[in-house]
Structures are given as structure tokens and as C-alpha cells.
Amino acid sequence: MGYIEGLLGDNEKIVVRTRQHWVALASGFLGNLITAAAIIFVTILATAVATPILGPLAPFVLALLLLLVFPFFGFFRDFLDWWNEEYLVTNRRVVQSEGTINKHVIDSSLEKVNDVVLRQSLLGRLLNYGDIEIMTASEFGVNRLQRIAGPVKFKTVMLNQKEAMGSDEGLGARPVVQQDVPDLIAELDDLRKKGVLTDAEFQQKKAELLAKM
992 MGYIEGLLGD NEKIVVRTRQ HWVALASGFL GNLITAAAII FVTILATAVA TPILGPLAPF
1052 VLALLLLLVF PFFGFFRDFL DWWNEEYLVT NRRVVQSEGT INKHVIDSSL EKVNDVVLRQ
1112 SLLGRLLNYG DIEIMTASEF GVNRLQRIAG PVKFKTVMLN QKEAMGSDEG LGARPVVQQD
1172 VPDLIAELDD LRKKGVLTDA EFQQKKAELL AKM
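Residue numbering for the sequence shown follows the numbering used here, beginning at 992 and increasing consecutively.
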């Protein structure tokens, strides 16, 4: 069982799971690639210029080649960070998990989600990535998911699960039983006498309650 699966509660299931788009790796990859290319170029140049005296310069050339470890290590680290940053929607909440060794998890209950903002540039629409801001009633206020892959699907699933949760709560409400009907009619009559309900509205709701008996 994975780390994320261990965070799930009873009867909680993952509905959609994604991470940042591969473009999130692009800037770091290009930076490391340029660094590696520069090291290789300097090494080749030093070797070509100093061929007659390569023997004394051998440690210097070897040191240059060893520097290649740093850009490759940088890319490997960026890849691990990217791979271990995941965004999930379950049937109860939205989860953002990041960190390779030290984990950092942010989750927001779907019932606390007030609004969801999706931002996509032209390139984002072409490559299917974008930013999502989740406005919640929690103390953090806003959760930002940047350059997420498949943002439209993620947002749609999130809102669908929120709506489904509301429907489930409605279905789980206490049903009207026969013994409650007279009391409810009496309460409706009080509202009618206070002018909150019209006679027509009172008769309509009374008929609906009597039909449930």
C-alpha cells in the first residue's frame, strides 16, 4: 500500500489522481542540460588545446568531468520532487501531497470548498495543463495547484464529488415518519397564522405531508 493510500479513511476512495504537467520539469531540465553541455564543451576545449601537455592536465580534465555529477544529480532530484508531488480528489476531500523523504500533505474537505478557479494560458490549453485555486472555508483560505496536468477533468471531478456528497447527506437525513406529520402540520399552521405562509402554501404543504402517511 502506498503512502497516499495509507491516508485514506474508511470507505474513502480515490476518484482522480494526477500531478504537475511535465512542463514543470522543463525549466530545471534545461538549466541542468545547459550546465552539463557547458562542462562538456570546456572539457573538450581544454583537452584539444592542451593535447601536447595532457599528462599534467589530466587531473584538471578529470575534475571537469566529475562536475557533470552536479547537473545530473540536480535533474534527478527535480524528477523525484515532481514524481512525489501528487494531487488527488477522493469522495470526501482534495489532497495535495509533496516531498520525497519528508512528506507534506494538505487536504481540504469537499464540503468546505466554496469556489474553484481554473486558469489556463494558450499553451496550457494546447498541452492540457493549468493552475487551479481552491477557495475553502478553512484557515488557509486558498489552495493553489500550479501547472497541474488535466486541470479541466480535475476541476469537474472535484465539483461532481462535492455535489454527490451533498446529495448523499440529503438522502441520509431523517425521514418523515407518520408520528411526525401532525406536529409538522401544527408548525406549518403556526407559520400560516404568523403570515409566513399563505393559506394556499399551507394547504399544499399539508397535502404533501398527509400523502406521506
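Glycine included, C-beta positions come from ideal geometry on N, C-alpha and C.
This one's a predicted model, so the numbers in the text were calculated from it and none came from an experiment.
Assuming the contact rule is C-beta atoms closer than 8 angstroms, L999 and T1127 should be a hit. Round their C-beta distance to whole Å, please. To locate residue 999, count along the sequence shown from 1; it is residue 8. To locate residue 1127, count along the sequence shown from 1; it is residue 136. Between T1127 and L999 the Cβ distance is about 20 angstroms, and since that is not below 8 angstroms, they are no contact.
Mind the definition here: the region 1004-1019 touches the region 1055-1063 only if three or more C-beta pairs lie below 8 angstroms; say whether that holds. Segments in contact, no.
Pull the bridge partners of A1155 from the DSSP assignment, please. Numbered from its first residue, the sequence shown carries residue 1155 at position 164. DSSP lists no partner for A1155.
How should E1076 be labelled, buried or exposed, when 16 other C-beta atoms within 10 angstroms of its C-beta is the threshold for buried? Numbered from 1 along the sequence shown, position 85 holds the residue referred to as residue 1076. With 16 or more other Cβ atoms within 10 Å, it is buried.
L1136 and H1012: beta carbons closer than 8 angstroms? Position 145 of the sequence shown, counted from the start, is the residue given in the question as residue 1136. Position 21 of the sequence shown, counted from the start, is the residue given in the question as residue 1012. In this structure, L1136 lies away from H1012, with their beta-carbon atoms at least 8 angstroms apart.
According to DSSP, simplified to helix, strand and coil, what is Q1111? Along the sequence shown, read from residue 1 onward, the residue named residue 1111 stands at position 120. Coil.
Close-in-space but distant-in-sequence residues of the same chain around N1105 (CB under 7 angstroms, 5 per side omitted): In the sequence shown, counting from the first residue as 1, residue 1105 sits at position 114. These residues qualify, in order along the chain: M1126, T1127 and A1128.
How is the alpha helix (DSSP H) around L1175 delimited, first residue to last? Start at 1 with the first residue of the sequence shown, and residue 1175 comes out as number 184. Its alpha helix (DSSP H) spans residues V1172 to K1184.
Relative to the alpha-carbon of I1123, which residue among V1107, L1113 and R1116 has its alpha-carbon at the smallest distance? Here residue 1123 is taken as the residue at index 132 of the sequence shown, counted from 1. Check the Cα spacing between I1123 and each of V1107, L1113 and R1116: the tightest is with V1107.
Between the alpha carbons of L1016 and Q1152, how many angstroms are there, rounded? The count along the sequence shown starts at 1 and reaches residue 1016 at position 25. The count along the sequence shown starts at 1 and reaches residue 1152 at position 161. Cα to Cα, L1016 sits roughly 30 angstroms from Q1152.
Terminal residues of the continuous alpha helix (DSSP H) containing Q1087? Taking the first residue of the sequence shown as 1, we reach residue 1087 at position 96. Where Q1087 is concerned, there is no enclosing alpha helix (DSSP H), although the beta strand (DSSP E) it sits in stretches over R1084 to E1089.
Return the chain-ordered list of same chain residues with a C-beta closer than 8 angstroms to the C-beta of D1069, the five sequence neighbours on each side being excluded. Reading the sequence shown from its first residue, position 78 is the one you call residue 1069. These residues qualify, in order along the chain: L1016, G1019, F1020 and N1023.
Distance, I1176 Cα to E1102 Cα: Looking up residue 1102 in the sequence shown gives position 111. Looking up residue 1176 in the sequence shown gives position 185. Each residue's Cα considered, the two are about 32 angstroms apart.
Exposure of S1112, with buried meaning 16 or more beta-carbon neighbours within 10 Å: Counting from 1 along the sequence shown, the entry for residue 1112 is found at position 121. Classification of S1112: exposed, given that the 10 Å Cβ count is below 16.
How many Å lie between T1091 and W1074 at the Cα? On the sequence shown, residue 1091 is found 100 positions in, with the first residue counted as 1. On the sequence shown, residue 1074 is found 83 positions in, with the first residue counted as 1. Between T1091 and W1074, the alpha-carbon positions lie close to 9 angstroms from each other.
What is the DSSP secondary structure of T1189, reduced to helix, strand or coil? Residue mapping note: residue 1189 aligns to position 198 of the sequence shown, counting from 1. Per DSSP, reduced to three states, the secondary structure at T1189 is coil, with no helix or strand assignment.
Rounded to the nearest angstrom, how far is the Cβ of H1027 from that of F1064, given a contact under 8 angstroms? Here residue 1027 refers to the residue found at position 36 when the sequence shown is read from its first residue. Here residue 1064 refers to the residue found at position 73 when the sequence shown is read from its first residue. Note that residue 1027 is Ala in the sequence shown here, rather than His. Not a contact, Cβ separation roughly 11 angstroms.
Which residues in the same chain as K1146 place their Cβ atom closer than 8 angstroms to its Cβ, once the five residues preceding and following it in sequence are excluded? As a first step, residue 1146 must be located in the sequence shown, where it is residue number 155. Counting only Cβ-Cβ distances below 8 angstroms, and skipping sequence neighbours, we find V1107, L1109 and I1123.
Host beta strand (DSSP E) of V1060 (start-end): The residue you call residue 1060 lines up with position 69 of the sequence shown. Note, V1060: premise wrong, no beta strand (DSSP E); alpha helix (DSSP H) at V1060 to W1074.
Candidates V1148, I1097, Y1078 and Q1194: which alpha carbon is nearest R1138's? Reading the sequence shown from its first residue, position 147 is the one you call residue 1138. Cα-wise, what sits closest to R1138 is Y1078.
Mapping DSSP to helix, strand and coil, what is G1000? The residue labelled residue 1000 in the question sits at position 9 within the sequence shown. Coil.
Which value, in whole angstroms, describes the spacing of the CA atoms of I1030 and A1054? For this step, residue 1030 is matched to residue 39 along the sequence shown. For this step, residue 1054 is matched to residue 63 along the sequence shown. Rounded to whole angstroms, I1030 to A1054 spans 10 angstroms at the Cα level.
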